[in-house]
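Visitor: In terms of our numbering, the sequence shown is numbered consecutively and its last residue is 555.
The C-beta atom is built at its ideal place from N, Cα and C for all residues, glycine as well.
Just passing along the structure, written as C-alpha cells.
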Amino acid sequence: MGNGLKREPRSRGSGTGASVSGSSESRIPNPESLQLEHLRRVWQTLGRDDPMWAVLSHADKRGGRWDPEEFLATGEVEVDVQLAALTAGGWPRARGLALDFGCGAGRLSRALARHFERVIGVDVSGSMIEAARRLNADVPNAEFRENASPRIERIADASVDFVFSHITLQHIPPVLAEGYVAEFFRVLAPGGVAVFQFVDDADESLRGRVFGIASNRWLNPLRRVLWRRRAVFEMHPLPERRLLDLLERHPGLRLHDAFDDGAAGPGWRGRRWTVVNEAPSPLRIECDGYVLFADPADVQIAAPLSSRRVHEPHVERAMRELLHEGDVVLDIGANIGSLAMLAASLVGARGRVIAVEPLVRNRALLARSVQANGFDQVELVAAAASDAAGELELRTHPSTSNSARPAAAGELLRDDSGRSVRVPMVVLDDRLAGLARLDLVKIDVEGMEPLALRGLERTLARLRPALLSEFHPWAIERASGVAPIDYLHWLRRFHPAFTILHRDGTRERCVEPEDVMRAWRDANARAGLGDRLHLDLLLEPGDPRGASA
C-alpha cells in the first residue's frame, strides 16, 4: 500500500452490501407501482374537490357542506374511545410518537396530538396533505407527509408507539394494503399498539353478494353516476388469513383483539385488528438538549447513561470544544448514537452527521433517536468501515451494544451467550467522494481503526479533519493485524501531534508516536490492567510537514 501500515493477510468476503440501481429493469412499471399511481390520482382529485366529504362521505355533507369543527370533532370522539379501551389494558406503554396512516384531511391526527408528544400523518394524496395542513395549522405537534411509495418512508424501525388506520386500507388494492400492514409491523415500537380496520370480504347479504361478484371495473361506472363524480374510491377486500400469515413472521407481535367493524358500510365484512408489540421497551434517556434510546440490558453504554452519567465525559468535552453550528462530522462506529446525537445537537440543522454502524439492533436504536429528535441532518450508513468492500464477521452479545472481530473479542463477547454475525463492509473514500467539507472524524471500532481509516485515506488528505480516535494496541494487533506503532506513524502523515485525553480530564500532548505508546503502557500499569486499557486520542488538523512518515 506504500503507507507504512503492515498487517497479516486476511480473508475478504464476496458480498458488497451495496444496493444496485439504474438498471433498465428497474424502469419498467410493475403492477404494484401502476396500482399506486392510480390510487394517488383518484385521491388527488377527491382531495382537491371535496376533502372532508371524501373522508366521511355522508350524503348530506357532499359539496363542501362539512363544517370543519364538526368534521374534526368526529375524530376526537373516535380516538378518545379507542385509547380509553387500550389504556385500561396498559397499552401503549409510551405516548411518544403516533402514526395516522391514510390521514386524509387530518381529523384523526388532530385528535391523536392531544394524547401523544408527536403525530405524523401520511397519505398518498398531496391534495389531502394540503387540506390536513390547512385544517390543523394550529396543532404544533402534528406533521403531515405525502407518501408516494408502497412503503412508509422516513419512519424508523420499531419507533412508533401507536399506529392508527381507519377506513383507509379498504380503498387500497390488496397487494399494496398487505405491504402497508407489513410496514405497520415494522415501525411498531416495543410496547406499542397498531389498530387498523380493513375489509376481509363481502358479507352474505344480497348487496354483499353483488359486491362479491362484480369487480370495481363494473361498479365504478355506477358509482360515478350516483356520486356525479369522475373520481370515485374503490373497495378492496384484504383476506384476513393473509394478515394472519404476515403476523406469524413477527414473533414479537401478538394479535391482542380482532372483531367485526361496520365502518365499511352494508355489503362488506369489515374487521378491526389490535396488534401489540410485547418486546421490552428501550430506555428513553433525556440528555442535554436531545433524547437517546438504549437497550436496558446494555451494561457497558446504557447503564451509565441511564444513571445520568456521561459514558465518556473526556471525549464528550472534546467534541463540545471542537464542534460548531454547520460543521460536518463522520462518526465511525456510531453504536447506539450517544456521540452522534451529541454531534447533531452541536452542528444544528445546517450541519451534517454521517453515522457508520454495522449492527442492525444498534442502528434501530440510533434511527429512533434521530427520529425522536428531528435530526434530519443525520445520515446512517449500514456497514462496517474498512479498506475493502466485502463482508466481516463480528462477535456480539445481548448484554452489550459493543462488537468486535472474533480475534479482538473480550471475555463478555466470547462467552456462550455471544454470537457471530456477518455484516457488509464499506470503503468510506468511495462513499464520501463528493463530500466538500469534513470537520471531525470520531472513530471507535474495537481495533479496526487502521483498516477503517485506510479506507478514508484520500478524504483525510483532501479535507484535513480533526480526529478523535480510540487507541487500543491490544485490539489493533488482533483485529487489524497492524503494529500499533505503525498505525501512529501513519496518522502523523495527516496530523503533527497527538493529544491524549485522559479519563481524569487531564490532557497530554505527544509529538512522537513512541511517547503515545509509553503513555499507554503507563496508564495500564497504574490501572493494573496489563494491556487491556485503551487511550482516547485527539489529533487536530495542522501542517504535518516535517513529521516522520
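What is the DSSP secondary structure of residue 443, reduced to helix, strand or coil?
Guide: In the structure shown, residue 443 sits in coil (DSSP, three-state: anything other than H, G, I, E or B).
Visitor: Less than 8 Å between the beta carbons of residue 101 and residue 167, yes or no?
Guide: Closer than 8 Å, so yes.
Visitor: May I ask you to report which of helix, strand or coil DSSP gives residue 161?
Guide: It is coil, neither helix nor strand.
Visitor: So, do the segment 330–342 and the segment 446–453 have three or more beta carbon pairs nearer to each other than 8 Å?
Guide: Enough Cβ pairs lie closer than 8 Å, so yes.
Visitor: Give me the residue from 118, 164, 527 with the minimum Cα distance to residue 490.
Guide: Comparing Cα-Cα distances from residue 490 to each of 118, 164, 527, the minimum goes to 527.
Visitor: What does the Cβ neighbour count give for residue 128, buried or exposed, with the cut at 16 atoms within 10 Å?
Guide: It counts as buried.
Visitor: CB-CB under 6 Å to residue 115, same chain, minus the five flanking residues each way: which ones, in chain order?
Guide: Answer for residue 115: 106, 109, 125, 127, 148, listed in chain order.
Visitor: Would you say residue 374 and residue 162 are within 8 Å of each other, going by their C-beta atoms?
Guide: Yes, these two residues count as a Cβ contact at 8 Å.
Visitor: Select from 255, 274, 257 the residue whose C-alpha is nearest the C-alpha of residue 245.
Guide: The option with the nearest alpha carbon to residue 245 is 274.
Visitor: Which ranges would you report for the beta strand (DSSP E) in the segment 329–394 if only whole runs of at least 3 residues count?
Guide: Counting only runs of 3 or more, we get 334–338, 358–362, 384–387.
Visitor: What does a CB cutoff of less than 6 Å around residue 164 pick up in its chain, not counting 5 residues either side in sequence?
Guide: Cβ within range, chain order: 195, 370.
Visitor: How many angstroms separate the CA atom of residue 243 from the CA atom of residue 395?
Guide: Computed Cα separation, rounded: 45 Å.
Visitor: According to the Cβ coordinates, are residue 362 and residue 349 closer than 8 Å?
Guide: Taking 8 Å as the Cβ cut-off, residue 362 and residue 349 do not qualify as a contacting pair.
Visitor: Nearest-angstrom Cα distance between residue 347 and residue 70?
Guide: Roughly 46 Å separates the two Cα atoms.
Visitor: Decide if residue 507 is buried, meaning its Cβ has at least 16 other Cβ atoms within 10 Å, or exposed.
Guide: Answer is buried; the Cβ neighbour count reaches 16.
Visitor: The alpha helix (DSSP H) spanning residue 72 covers which residue range?
Guide: Per DSSP, residue 72 belongs to no alpha helix (DSSP H) and is neither H nor E.
Visitor: Could one say the Cβ of residue 64 lies closer than 8 Å to chain B's Cβ atoms, at least one of them?
Guide: The displayed structure is made up of one protein chain only, and chain B is not part of it.
Visitor: Return helix, strand or coil for residue 536, following the three-state DSSP convention.
Guide: Here residue 536 sits in coil by DSSP.
Visitor: With H, G and I counted as helix, E and B as strand and the rest as coil, what does DSSP make of residue 37?
Guide: Three-state DSSP puts residue 37 in a helix.
Visitor: Can you give me the start and stop residues for the beta strand (DSSP E) that residue 191 sits inside?
Guide: Note, residue 191: premise wrong, no beta strand (DSSP E); alpha helix (DSSP H) at 180–193.
Visitor: In its own chain, which residues sit with a C-beta less than 8 Å from the C-beta of residue 556, not counting the 5 before and 5 after it?
Guide: Shown here, the chain extends from 7 to 555; a query on residue 556 therefore has no answer.
Visitor: Tell me which same chain residues have a C-beta within less than 8 Å of the C-beta of residue 410, skipping the five on either side of it?
Guide: These residues qualify, in order along the chain: 400, 401, 416, 419, 452, 453, 481, 485.
Visitor: How far does the beta strand (DSSP E) with residue 274 in it reach, from first residue to last?
Guide: Note, residue 274: beta strand (DSSP E), 274–283.
Visitor: Assign residue 36 to buried or exposed, taking buried as 16 or more other Cβ atoms, counted over all protein chains shown, within 10 Å of its Cβ.
Guide: Result: exposed.
Visitor: Looking at residue 183: is its Cβ nearer than 8 Å to the Cβ of residue 204?
Guide: Their beta carbons are under 8 Å apart, which means residue 183 touches residue 204 by this criterion.
Visitor: Verify whether the separation of the beta carbon atoms of residue 459 and residue 466 is less than 8 Å.
Guide: Closer than 8 Å, so yes.
Visitor: Hey, residue 372 and residue 472 are a contact pair by Cβ (cut 8 Å); roughly how many whole angstroms apart?
Guide: With a Cβ gap of about 22 Å, residue 372 and residue 472 do not count as contacting.
Visitor: DSSP three-state call for residue 148: helix, strand or coil?
Guide: In the structure shown, residue 148 sits in a strand (DSSP, three-state: E or B).
Visitor: Taking the alpha-carbon positions, what's the residue 428 to residue 496 distance?
Guide: Those two C-alpha atoms are separated by around 29 Å.
Visitor: I'd like the list of long-range same chain contacts for residue 284, defined as Cβ closer than 7 Å, with 5 residues on each side in sequence excluded.
Guide: Excluding residues within five positions, the ones whose Cβ falls inside 7 Å are 258, 260.
Visitor: With a CB to CB cut of under 6 Å and the five nearest residues on each side skipped, what residues in its chain are close to residue 332?
Guide: 356, 357.
Visitor: Could you pull the DSSP bridge partners for residue 449 from this structure?
Guide: In the DSSP output, where bridge partners are listed per residue, residue 449 has 338, 475.
Visitor: Specify, as a first and last residue, the run of the alpha helix (DSSP H) that residue 132 falls within.
Guide: Where residue 132 is concerned, the enclosing alpha helix (DSSP H) stretches over 132–141.
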